[in-house]
Amino acid sequence: MAVDIKDLKNYKRSEIPDFFLKPIDRDKGVDDLPNLETWEVNVMADLGENNSVTGERVKRVKLCRLDKVPDQKQFVFLYDKLEKKKEEHQKKKKATRGVSVNTSGETLGVEHTLSELIDKFLVDVAWEFKDFKSYRQRCGYWKVELGKLLIEEVTTGLIKERKILLKKEGKRPATVNRYVESLQRAFRFAIDIGWADDCPISNKKVPKDPEEKRVRWLDDDELEKLFAALELSSSKNLYDMVHFSLNTGCRKSEALGLRWKDVDFKNNRIYFRVVKRGRQCVNAKFNKNGEPEFEVKSIVFEEGLKNGDNVKVQKLENMPKVREILIRRRGNPELVSSSEFVFPNNTLRSWYSLLKRIGIEDFRWHDLRHCCASYLRQDGKDLGIIGSHLGHKDAASTARYSHLSGEETLETGAAISKKLYG
């Protein structure tokens, strides 16, 4: 198992069979050593020995940066080793992905840890994901739990053990699946760049847990309490956004991205074209110490919707409450200021304070969207119509509401009554 030992002071040179040097930059290999400065090189070593009787194996460890070696004699020894490698590689070199061999056949390359893989995956690939924040958080969990292991030491059994622990911590099946998928994607990246030959987390090896699609809506009593509290709320922005979301069924990001130029009062139409995202990564790199750095913008507006469509259109003729809210906000500079956006302020803090005050539990902002769909289905509306209202790309997204309508039981109820009672 790889161990992070940051100080050479605790080890005499005689206790370490051999030192070897590794570029800090993960995109470089042993062949690049001749062009590197001392601060660009890590000092590595193999501790212990392979012993089939005791089960002990060689431990490959990262000691410190070459320029940080505390002992002058050790530094000279290692510096000479670097110079010797430079000479050897000028004569003969054989490079593969992540592995190089010197003239004597000794392995000079590196075995990468899971922590190194995750850092490279985040910097090279995941930083561009729209849900990068989630990937970074989930991958951070794997770094803490298994990061010191070599990639080849991460087994299917270890992943299954961590899944059990995540469930014991109260994580929902869908959340546990997302944790596993994040690591699975990192391993596929490792295969692409030659750091791994196999993925221990394929769906066959680590099956997904069955997920329950969340459908939480407000019953009549809860809805009455919510409306009463909104009337008394000092936040008119919160009042407007809640009623707007309940009627349109739009996502919060769509409401916050709605611009006045996309509201057509003359033809009674709203055009959702833009979403507002918080904390989007715009660049990633490794610093000179080999640590990942991410440039993050706190607010990003993006053209296009979550389902991939460029625009979603909703008519206002039969939504008088929405039209009323829009007209009032358009004419009230205190609510909209000079912003081009209809809802320039995020109201989440006021939202959760209000829910806590009136005692509505297990209810999130996104559940307002579920409320809209649930009420439509309970009124007997077709799933296709509901999907169009919400802007679902996939019919499977709307199917979760299929059980909420009683219309299908009209004929079945009549049939069973006829059979039982004539």
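Take numbering that gives the first Met the number 0: the last position of the sequence shown gets the number 421, and nothing is skipped along the way.
Every residue gets a Cβ at the ideal spot worked out from N, C-alpha and C, and that includes glycine.
Along the chain, where does the alpha helix (DSSP H) that runs through residue i open and close?
i, result
"Pro-319", "319-329"
"Val-241", "235-247"
"Ser-396", "394-397"
"Ile-163", "155-167"
"Lys-27", "Counting along the chain, Lys-27 falls outside any alpha helix (DSSP H), and DSSP gives it neither H nor E."
"Glu-253", "251-256"
"Glu-221", "219-231"
Let me make sure I understand the geometry here. Which of the options has the alpha-carbon closest to that of residue i?
i, options, result
"Val-214", "Gly-412, His-402, Gly-28, Ile-23", "His-402"
"Glu-115", "Gly-156, Pro-22, Asp-45", "Pro-22"
"Arg-376", "Lys-147, Trp-216, Val-295", "Trp-216"
"Glu-211", "Cys-370, Ser-396, Asp-378", "Ser-396"
"Glu-144", "Ser-133, Phe-128, Phe-120, Tyr-178", "Tyr-178"
"Arg-25", "Ala-173, Gly-386, Ile-117, Glu-406", "Ile-117"
"Pro-206", "Asp-130, Pro-172, Asp-263", "Pro-172"
"Phe-285", "Leu-121, Ser-233, Phe-243", "Leu-121"
"Lys-129", "Val-295, Pro-291, Asp-378", "Val-295"
"Pro-199", "Lys-159, Gly-146, Asp-123", "Lys-159"
"Phe-18", "Asn-34, Asp-45, Thr-37", "Asp-45"
"Tyr-374", "Ala-414, Leu-222, Tyr-270", "Leu-222"
"Val-299", "Asp-263, Val-262, Glu-253, Lys-320", "Glu-253"
"Asn-266", "Gln-313, Phe-243, Cys-249", "Gln-313"
"Tyr-400", "Lys-392, Glu-410, Gly-383, Asn-246", "Gly-383"
"Lys-320", "Gly-386, Ser-133, Leu-245", "Leu-245"
"Asp-31", "Gln-136, Glu-82, Lys-72", "Glu-82"
"Ala-372", "Lys-80, Leu-35, Thr-247", "Thr-247"
"Cys-138", "Ile-357, Phe-226, Asn-176, Gly-303", "Asn-176"
"Arg-268", "Leu-113, Glu-316, Arg-328", "Glu-316"
"Leu-157", "Trp-141, Lys-170, Glu-168", "Trp-141"
"Phe-423", "Val-124, Leu-65, Leu-35, Val-29", "Outside the modelled stretch of the chain, which goes from 0 to 421, sits residue 423, for which no answer is possible."
"Lys-275", "Leu-165, Glu-360, Gly-303", "Gly-303"
In the DSSP assignment, what are the bridge partners of residue i?
i, result
"Val-299", "Arg-276"
"Asp-34", "Reading off the sequence, residue 34 comes out as Asn, not Asp. Beta-bridge pairing links Asn-34 to no other residue."
"Pro-332", "Paired residues: none, contrary to the question."
"Ile-149", "According to the sequence displayed, residue 149 carries Leu and not Ile. Per DSSP, Thr-112."
"Asp-263", "Arg-268"
"Pro-172", "Pro-172 is not bridged to any residue."
"Val-312", "Tyr-270"
"Phe-293", "Ala-283"
"Leu-20", "Val-42"
In terms of residue numbering, what span does the beta strand (DSSP E) encompassing residue i cover?
i, result
"Arg-268", "268-271"
"Val-424", "Lying before the first or after the last residue shown, residue 424 is absent from the chain, which here runs from 0 to 421."
At a threshold of 7 Å, does residue i count as lining the ligand PLP (C-beta to nearest heavy atom)?
i, result
"Val-124", "As presented, the structure is devoid of all ligands, the ligand PLP included, so that no description of it is given."
Taking contact to mean at least 3 C-beta pairs separated by less than 8 Å, is the segment 234-253 in contact with the segment 322-335?
yes
Would the segment 245-261 count as touching the segment 331-349 if we require 3 or more Cβ pairs under 8 Å?
yes
Segments assigned alpha helix (DSSP H), at least 4 residues, entirely inside the segment 330-389:
332-335, 347-357, 366-377, 382-389
Can you confirm whether the segment 186-195 touches the segment 140-155 when touching is taken to mean that 3 or more C-beta pairs between the two stretches lie within less than 8 Å?
By the Cβ test, the segment 140-155 is in contact with the segment 186-195, since at least three Cβ pairs between them sit closer than 8 Å.
Please determine if the segment 60-72 and the segment 37-46 are in contact, where contact requires at least 3 C-beta pairs separated by less than 8 Å.
yes
On the three-pair Cβ rule with 8 Å, is the segment 349-359 touching the segment 296-309?
no
Are the segment 367-385 and the segment 277-292 in contact at 8 Å, needing three or more beta carbon pairs?
Judged by pairs of C-beta atoms under 8 Å, the segment 367-385 does not touch the segment 277-292, as fewer than three such pairs exist.
Given 8 Å, three or more beta-carbon pairs between the segment 216-234 and the segment 352-359:
yes
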